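Residue numbers (this note's numbering): 4 to 70.
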Amino acid sequence: MAYDSVHDDQDKREALCDGYGTLPADWSERIGLDRLYPALELWDWFASIGNTAPLEGITDDIRRMTA
């Protein structure tokens, strides 16, 4: 999942969960980690190519995900 593909959209979250079928009790934490890693990777890629414009927004997202 791309880190921002669901991004607080309840309809998309429900569709994602429906697609997985019966979910384990800790599904919410798993989805959180599934969003965090790609966000970190995207931040690193933008920084590595010198594109700093999106970094602040991604940083804000990472902070919210890890708070």
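Cβ atoms here follow ideal geometry from the backbone N, Cα and C, with glycine treated the same way. Predicted model only: the values in this text are computed from it and were never measured.
Counting C-beta pairs closer than 8 angstroms gives three or more between the segment 59–70 and the segment 35–47, which meets the contact rule. Inside the segment 4–50, DSSP marks whole alpha helix (DSSP H) runs of 4 or more residues at positions 13–23, from first to last along the chain.
Around Leu58, the same chain offers Trp46, Phe49, Ala50 as residues with beta carbons nearer than 7 angstroms, after the five sequence neighbours per side are excluded. In the three-state scheme derived from DSSP, where H, G and I count as helix and E and B as strand, Ile65 is classed as helix.
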